[in-house]
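K.L.:
Residues 56 to 942 (the working numbering) make up the first sequence, in order.
By construction, the Cβ of each residue, glycine as well, lies at the ideal position given by its N, Cα and C atoms.
All values reported here derive from a predicted model rather than from experimental measurement.
First the structure, then my questions, so here it is.
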Amino acid sequence: MEIAKTYNSALAERTWYQYWLDNKFFKSTPDHRTPYTIVIPPPNVTGVLHMGHMLNNTIQDVLIRRARMLGFNACWVPGTDHASIATEAKVVAHLKENGIQKSDLSREDFLKHAWDWKEKYGGIILEQLKKLGASCDWDRTRFTMEKDLSEAVIDVFIDLYNKGHIYRGVRMVNWDPEGLTAVSDEEVIHKEAQSKLVYVKYQIEGTNDFITIATTRPETIMGDTAVCVNPADERYTHLKGKNVIVPVVNRVVPVIFDDYVDKDFGTGTLKVTPAHDINDFNLGQRHKLQTIDVLTQDGKISEAAGAYVGMDRFACRKQIIKDLEEKGLVSKIEEIKNKVGYSERTNAVIEPRLSMQWFLKMETVSKPALENVLNGEIKLIPDKFINTYKHWMENVHDWCISRQLWWGQRIPAWYDNQGNTVICKTKEEAITLLKSKNPEVNINVVKQDEDVLDTWFSSWLWPITVFDPDVIRKGKENANDDLKYYYPTNDLVTAPEILFFWVARMAIAGYEWMGEKPFTNVYLTGIVRDKLGRKMSKSLGNSPDPLDLIEKYGADGVRVGMLLCSPAGNDLMFDESYCEQGRNFANKVWNAFRLIKGFEVASVAQNGVEVLQTEAQKAAISWFDNKLSEQLEIINDHYSKYRMSDALMATYKLVWDDFCAWYLEAIKPEFIDGKAQPIDSATFNITISYLESLLKIMHPWMPFITEEIWHLLKERDAKDCIIVAEWPKTKTNLDKKKLAEFEVSKELVAMVRNVRAQKQLSPKEKLEVIERSNATRSYFDNTIIKLANLSAFSYTKEKVEGAFSFQIKTTEFYIPLAINLNKEEEIERLTKELEYNKGFLKSVQIKLSNEKFVANAKPEVIAVERKKESDALSKIKSIEEQLSVLN
RNA sequence: GGGAGAUUAGCUCAGCUGGUUCAGAGCAUCUGCCUUACAAGCAGAGGGUCACAGGUUCGAACCCUGUAUCUCCCA
């Protein structure tokens, strides 16, 4: 059979993914085994795969595949999030393109469009995940807005309301004037902006004096209902009891005194606009000020302003500055840097706005979620996030859970025409409940709240409702078998950006309704950035399309590339060259397979002469046997600490360096007369088994190529797939001495190769090496002969003159060379080495002659220093001998 | 403004309780090789004042104090 020289990823990926699906290897149902569960962070239903997803899901897939091989009942639950604001924004934009305004549609019609949109684009991202190799149990795919899950959300709202945790009130919210909805604190992104700090003069009533107020928001002047100064500020004590006149609208407002004002910022005076700033709102509450809302919900100047009505807020800002300047009321304008909040979804500048919203009181419900992270019941990886988490949870604000949108779960609050409110599931129930308050009530006057719930108010239930959406109603004692078996899940892999949005809230929900954590480990990935450190984004155009990368480098190559550069919790500077490295690795593995597959196995029956295992092969096998086990132990340890890139790098080196560069080179049969010699069956079989072990270890990272080779290696039963193969075991009795001994042998081989390079000798030319020692042979001699291409490797007790010499540790080696050594060059080389060793010896001796060191240092440390000293001394002696011969 | 973290080779990062596993890895670079598994490769080599300044210690990349720069979170 002809095997291609390079690995063809596309074909293998198609074949094996389908094969895994057909054989239901991803499927999980409760059984006697221990479960290992991951729920996917549900991507937006209409989203497309980006690099962040790639990273996230590759890590999850690595974890789930390894768990499967370790014998756990591995279950990875996929699904999508309805993402109310993001999806609604997309639908609105789409309708707009077709000349339809959302405002022209009824709620029902709009939702029809939205569902159509979801049907059309929903789940594309899940198909993309399959290309990556994600081994999710697709039969379990969930969507946060499917009927059952939505019902659970309503159950939760009612439950929390009944427990007294939910209230409705007028509060200052983060208003998105483009999305026309309130958004939570977490959905506001604060960015540094260059702003104008305008110094505006307000006349003091009944005088010709002015006080100057610094503001970045002059367009809200019409909403000013006071001017505030710090009571400790002596510059303004004379204003006690005075009023000032607000420019533009000529409103007379009081001067109030409050500690809140920073004396050193601007002029130390503050215009108070309770409708448009949270701090001003608080001041307004304290000082019983009037609240004048001068902006409309879409960010224009409102009727209430009495001036500039209908003008956009930013246009008005410019205009008002101009007008005030003309009136001579601007004393100066400063450029300052401040933070401006932007909507995460629409990127509109957030407007603090007073509105009636629903809130969840966080104080009580969030307690267990904090405690159990602090006590280690839930682990954050890396743990540096615990501090951040703690800080947030201790200062948690009530959660604004209502959104002025249609796409989402509608709030189950019902109102009559007399100001009564009830919370329940259906209109019928509502009428019954309202009857007790208002006997006149009838179906025509009962109206449901127009708002829907925040998306996170449904996704915080994800680890529960994907298994049993009815559990909220039934109570946890009556959970179904799935939930009982899979909950709590094991690992959650997500981005630190949503630690509070999602992770903290899932923890809250877990304790609230299951009385138990939703997951044990939270692995926080970094943000994928480009190599300049910029966040990858569509607008910057710096994000490669993951599917293009997969096409170019293969899914395995991309997976390896992603994880090579992803330390836990740190952002990763992604560069395509990592994928190239991943692809090259896959190709290396492919070629190792080609080599092994190409071996001709000796058969006694065929040629009558038994081919025996050589000493070189025997030694190499015994070394690799230990090496494999040693490295597997290290890899397992990295996994246990969630050090993914370390685990991958250890795997990479085990395969490339230890297996390919050393082991295969050592056991590879020689060519005689241009013909490859056959290999004995013992060496062949064990080599196959090593390759199988390595394929297993590589499988979580590179599922496709490993499955492909697994099957090309042997005829196998239909179900004998690497995806369900058993993870290799480590030896209990590692031969550390042999491992150490081979390290020295490697050094010797490298030295010989180095000599060849230096003396420009062909690798084909056989050399002789003589070791100066009392020994007569050692274990790896024949392996060394093979690897370094030696004609002989012998021992002598005497110094060999006229040969090239070098040292490893304290042992001297000689290579007799046919060509003459350049005497000057040798002297120079040896002199340099001598200098170095003398310097080294000196530093060690200084240390040893230091009484305090000898008195204080641990005995082991001192012993080590003494060994260094004696080694250096013998090395110096030997170099000096060599030099004396040359001279 | 408050908090958290970082700064080690050209790049991305390891480096645990201070001491031979201590200055390391991968990539990149340079030199030589198309050596019948692999040029997506092989062999070899070079490259760091561990951000800066002090301090503690017999001994500091590691502990302490400042300084600088960067990143993130919160207001």
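Nearest to P273 by alpha carbon, out of Y254, A675 and F265?
P.N.:
The shortest C-alpha separation from P273 is found at Y254.
K.L.:
Do you know how far the Cα of A269 is from the Cα of G321?
P.N.:
Approximately 5 Å, taken between the alpha carbons.
K.L.:
How would you write the range of the alpha helix (DSSP H) that R121 sits in, first residue to last?
P.N.:
Its alpha helix (DSSP H) spans residues M106 to M124.
K.L.:
L687 and P783 look like a contact to me (Cβ under 8 Å); what is the Cβ gap, rounded to whole Å?
P.N.:
That belief holds up - the Cβ atoms of L687 and P783 are roughly 6 Å apart, short of 8 Å.
K.L.:
Rounded to the nearest angstrom, how far is the Cβ of P524 from that of A207, given a contact under 8 Å?
P.N.:
That belief holds up - the Cβ atoms of P524 and A207 are roughly 4 Å apart, short of 8 Å.
K.L.:
Going by beta carbon distance, what residues of the same chain come within less than 7 Å of E432, once the five residues before and after it are set aside?
P.N.:
These residues qualify, in order along the chain: K572.
K.L.:
So does the segment 279 to 289 actually touch the segment 427 to 444, counting three or more Cβ pairs closer than 8 Å?
P.N.:
At 8 Å Cβ cutoff, the stretches do not touch.
K.L.:
So for L344, helix, strand or coil by DSSP?
P.N.:
Here L344 sits in coil by DSSP.
K.L.:
In its own chain, which residues sit with a C-beta less than 7 Å from the C-beta of S598, not counting the 5 before and 5 after it?
P.N.:
Only H105, M106, M591 and S592 meet the Cβ criterion.
K.L.:
With H, G and I counted as helix, E and B as strand and the rest as coil, what does DSSP make of A847?
P.N.:
Reduced to three states, the DSSP call for A847 is strand.
K.L.:
What does the alpha-carbon distance come out to for the pair D367 and G234?
P.N.:
Distance between the alpha carbons of D367 and G234: 16 Å.
K.L.:
Pull up the distance between the alpha-carbon of V909 and that of L896, whole angstroms please.
P.N.:
C-alpha separation (whole angstroms): 17 Å.
K.L.:
What first and last residue would you give for the beta strand (DSSP E) that runs through A534?
P.N.:
Taken as a continuous stretch (DSSP letters only), A534 belongs to no beta strand (DSSP E), as it is neither H nor E.
K.L.:
Can you give me the start and stop residues for the beta strand (DSSP E) that P946 sits inside?
P.N.:
Residue 946 lies beyond the range of the chain shown here (56 to 942); nothing can be said about it.
K.L.:
Do you know offhand how far E68's Cα is from L110's?
P.N.:
If you take the alpha carbons of E68 and L110, they lie about 19 Å apart.
K.L.:
Pick out whichever of R638, I777, D735 and E763 has its Cα sitting closest to the Cα of K751.
P.N.:
That would be I777, whose Cα lies nearest to the Cα of K751.
K.L.:
Is the segment 116 to 128 close to the segment 192 to 209, with three or more CB pairs under 8 Å?
P.N.:
Segments in contact, no.
K.L.:
Look at the alpha carbon of V804 and the alpha carbon of I839, and state the distance between them as a whole number of angstroms.
P.N.:
Near 6 Å, if we compare the C-alpha coordinates of I839 and V804.
K.L.:
Please name the residue, chosen from D600, A641, I209 and T199, that lies closest to E764 on a Cα-to-Cα basis.
P.N.:
First, the residue type needs correcting, since residue 764 is Ile and not Glu in the sequence shown. For I764, the nearest C-alpha among the options comes from A641.
K.L.:
When the Cα of D203 is compared with those of K79, F522 and N450, which residue comes out closest?
P.N.:
Comparing Cα-Cα distances from D203 to each of K79, F522 and N450, the minimum goes to F522.
K.L.:
Cutting at 8 Å between CB atoms, please list the residues of its own chain near N691, excluding the five before and the five after it.
P.N.:
Within the same chain, N691 has close Cβ partners T785.
K.L.:
Look up M417 in the DSSP assignment and say whether it is helix, strand or coil.
P.N.:
Residue state, collapsed to three classes: coil.
K.L.:
How far does the beta strand (DSSP E) with W447 in it extend, from its first residue to its last?
P.N.:
No beta strand (DSSP E) contains W447, which is instead part of the alpha helix (DSSP H) from F440 to E449.
K.L.:
Touching or not, the segment 456 to 465 and the segment 506 to 519, by the rule of three or more beta carbon pairs under 8 Å?
P.N.:
A contact exists between the segment 456 to 465 and the segment 506 to 519.
K.L.:
Could you give the C-beta distance for A237 and Q412, rounded to a whole number, given that I count them as a contact under 8 Å?
P.N.:
That belief holds up - the Cβ atoms of A237 and Q412 are roughly 6 Å apart, short of 8 Å.
K.L.:
How many Å lie between Y363 and K295 at the Cα?
P.N.:
Approximately 32 Å, taken between the alpha carbons.
K.L.:
Just to confirm before moving on: does the CB-CB distance between D335 and V327 stay below 8 Å?
P.N.:
Contact flag set, yes.
K.L.:
Please report the residue range of the beta strand (DSSP E) in which W711 lies.
P.N.:
It is not in any beta strand (DSSP E) - W711 carries neither H nor E in the DSSP assignment.
K.L.:
How many angstroms separate the CA atom of P286 from the CA atom of D313?
P.N.:
Distance between the alpha carbons of P286 and D313: 6 Å.
K.L.:
Have a look at the DSSP bridge pairing and note the partners of E823.
P.N.:
Beta-bridge pairing links E823 to A847.
K.L.:
According to the Cβ coordinates, are L409 and T346 closer than 8 Å?
P.N.:
The answer is yes: Cβ separation under 8 Å.
K.L.:
Mind checking who A129 pairs with in its DSSP beta bridge?
P.N.:
DSSP, once it has assigned bridges, lists Y91 as partnering A129.
K.L.:
Please report the distance separating the alpha-carbon of L384 from that of N99.
P.N.:
If you take the alpha carbons of L384 and N99, they lie about 50 Å apart.
K.L.:
Runs of 4 residues minimum, wholly inside the segment 296 to 368: which ones carry the alpha helix (DSSP H) assignment?
P.N.:
Segments of the alpha helix (DSSP H) lying fully in the segment 296 to 368: 333 to 342.
K.L.:
Give me the Cβ distance between V899 and A927, rounded to the nearest whole Å; I'm assuming they're in contact under 8 Å.
P.N.:
Indeed, because the Cβ distance is near 6 Å, the residues count as touching under 8 Å.
K.L.:
Quick check on N112: buried or exposed, where buried means 16 or more other Cβ atoms within 10 Å of its Cβ?
P.N.:
Burial call: buried.
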